[in-house]
Amino acid sequence: MNTVDEIKDRLNIVDVVSEYLPVRKSGSNYKAACPFHKEKTPSFVVNLERQSWRCFGACATGGDIFSFIMRIENLEFGEALRLLAEKTGVTVRDRSINDSSEPLYKVNLEATNFYQKVLNTTEGLKASSYLKERGVDHKTISNFQLGMSPSGGIRLKEHLSSLGFDLDLVIKAGLLRKTDSGIIKDFFWNRLMFPIHDSKGRVTGFGGRSLDNSNPKYINTSSTPVFDKRTTLYGLHMSSASIAKENRAIVVEGYMDAITAHQFGYCNVVASMGTALTEQQVQNLKSSA
Ligand code: ZN
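For what it's worth, this note's numbering labels the leading residue of the sequence shown as 1, then goes sequentially.
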């Protein structure tokens with residue numbers, strides 16, 4: 001059983017909600033005045049059997065014990081997880097909130113900045129004209145922190161070395177790789193870069209699209225202590241508020257599909273990054289919305 005399920009198993013949503021607002025039994029459910037909008041007639045319903053809540057009034061949204069805590073305490077998912085874990089005595093094993101991962105986030109962020117800078121130079125023209133061709137505007141490029149990895153195979157390595165990053169850490173982050181002959185090279189080069197974020201907005205990995213018809217067309221960061229393609233949904237950090245509000249998520253296949261949807265105002269769209277949707281991705285989607 002994972003941490004999320006373990007917590008859900010030990011807590012009763014009615015008890016947790018009752019700590020914040022007076023609920024009264026109504027048939028097989030429990031009712032209260034919705035804490036998320038102003039109302040006189042209670043339309044906030046807690047379902048004991050399903051361990052869920054829903055506002056049938058102005059909010060027209062609902063969720064589980066985690067989304068309730070996130071909204072009422074105004075917390076990110078990881079913080080809500082910690083709060084509920086403390087209540088239940090469940091040990092949080094979620095590696096995404098493990099502090100030893102901090103250096104990996106830091107190096108990923110630095111690489112994101114580097115790729116963004118390259119995109120805005122003449123070297124980035126190939127990537128920027130591709131984005132222009134696909135109708136992606138400046139605001140979207142900036143919102144999704146799109147970039148370009150330069151050619152040459154050692155440019156990111158040199159840049160990060162100059163900033164004092166330990167190369168073993170950069171290899172661990174999946175940004176560099178050691179060749180069979182022991183030479184350390186950039187993992188991504190001459191590609192349009194898509195930073196991939198967790199639900200807290202931290203960069204955990206990257207996707208890169210080739211710009212010269214070389215194969216494979218798309219490559220991703222390999223698994224690292226903070227990145228696993230099978231559990232990640234692209235664009236989730238930009239979508240979770242909208243998904244929670246609409247209580248609906250749309251999962252598309254690729255980065256460009258998600259980006260285009262957001263640009264046209266469909267903000268509850270995430271991408272599965274070319275894999276079939278996994279159970280972990282669905283779990284991630286449910287707990288962050
Ligand atoms: Zn409401």
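Where a beta carbon is used, it is the ideal one built from N, C-alpha and C, also for glycine.
Computed from a predicted structure; not experimentally measured.
Once DSSP output is grouped into helix, strand and coil, what is the label at residue 103? helix
Using 8 Å for Cβ pairs, my map puts residue 244 next to residue 63. What's the rounded Cβ distance? With a Cβ gap of about 7 Å, residue 244 and residue 63 count as contacting.
For residue 248, name the three-state secondary structure that DSSP assigns. It is coil, neither helix nor strand.
For residue 254, is the beta carbon positioned less than 7 Å from some heavy atom of the ligand ZN? Because no heavy atom of the ligand ZN lies under 7 Å away, the Cβ of residue 254 does not count as near it: no.
So, do the segment 217–227 and the segment 200–208 have three or more beta carbon pairs nearer to each other than 8 Å? yes
Please go through the same chain and pick out, in chain order, the residues whose beta-carbon is closer than 6 Å to the beta-carbon of residue 227, but skip the five residues on each side of it. Excluding sequence positions up to five before and after residue 227, its CB lies within less than 6 Å of the CB of 204, 205 and 221, all in the same chain and listed in chain order.
Run of the alpha helix (DSSP H) containing residue 185, from where it starts to where it stops: Note, residue 185: premise wrong, no alpha helix (DSSP H); beta strand (DSSP E) at 184–186.
Curious, which full-length beta strand (DSSP E) runs of at least 3 residues does the segment 135–198 contain? 147–149, 176–178, 184–186 and 191–197
Using the three-state DSSP reduction, which class does residue 115 fall into: helix, strand or coil? helix
Consult DSSP for residue 260 and reduce its assignment to one of helix, strand or coil. helix
Starting from the C-beta of residue 57, find all residues in its chain whose C-beta is less than 7 Å away, skip the five residues before and the five after it, and write them out in chain order. For residue 57, where only same-chain residues beyond five positions count, the Cβ hits under 7 Å are 34, 37, 39 and 43.
Please find out if some non-hydrogen atom of the ligand ZN comes closer than 7 Å to the beta-carbon of residue 58. yes
Taking 8 Å as the CB-CB limit, is residue 79 close to chain C? Absence of chain C from the displayed structure is noted, only one protein chain being present.
Rank 88, 83 and 199 by C-alpha distance to the C-alpha of residue 235 and give the top, closest one. It is 199.
For residue 189, which of 249, 107 and 124 has the nearest alpha-carbon? 124
Name, in chain order, the residues that DSSP records as bridge partners for residue 266. The partner list for residue 266 (beta bridge, DSSP) is empty, contrary to what the question assumes.
3 or more residues per run - each beta strand (DSSP E) lying fully within the segment 59–94: You should have 61–63.
Is it the case that the CB of residue 68 approaches a heavy atom of the ligand ZN more closely than 7 Å? Because no heavy atom of the ligand ZN lies under 7 Å away, the Cβ of residue 68 does not count as near it: no.
Helix, strand or coil for residue 96? Go by DSSP, reduced to three states. Note that residue 96 has pLDDT 43, beneath the 50 cutoff, so the model's placement of it is unreliable and no number is given.
Rounded separation between residue 161 and residue 82 - CA only: In this structure, the CA atom of residue 161 is about 35 Å from the CA atom of residue 82.
Roughly how far, in whole angstroms, is the beta-carbon of residue 287 from the beta-carbon of residue 66, given that I think they are within contact range, below 8 Å? About 5 Å; that satisfies the 8 Å criterion.
Residue from 260, 47 and 230 with nearest C-alpha to residue 137: 260
Taking its Cβ as the centre, do 16 or more other Cβ atoms sit within 10 Å of residue 232, making it buried, or is it exposed? buried
For residue 267, tell me which candidate among 214, 140 and 191 has the shortest Cα-Cα distance. Comparing Cα-Cα distances from residue 267 to each of 214, 140 and 191, the minimum goes to 140.
Span separating the alpha-carbon of residue 265 from that of residue 256: 14 Å
Under 6 Å Cβ to Cβ from residue 112, same chain only, skipping five residues before and after it: list those, please. 145, 195 and 203
At the level of alpha carbons, what is the spacing between residue 281 and residue 52? 20 Å
When you compare the CB positions of residue 163 and residue 102, do they come within less than 8 Å of one another, or not? Residue 163 is not a Cβ neighbour of residue 102, given a cutoff of 8 Å.
Using the beta-carbon count (16 or more within 10 Å), is residue 279 buried or exposed? exposed
Just to check, is the beta-carbon of residue 227 closer than 7 Å to a non-hydrogen atom of the ligand ZN? no
By Cβ distance, which residues of its chain are closer than 8 Å to residue 11, with the 5 residues on each side in sequence left out? 65, 84, 87 and 88
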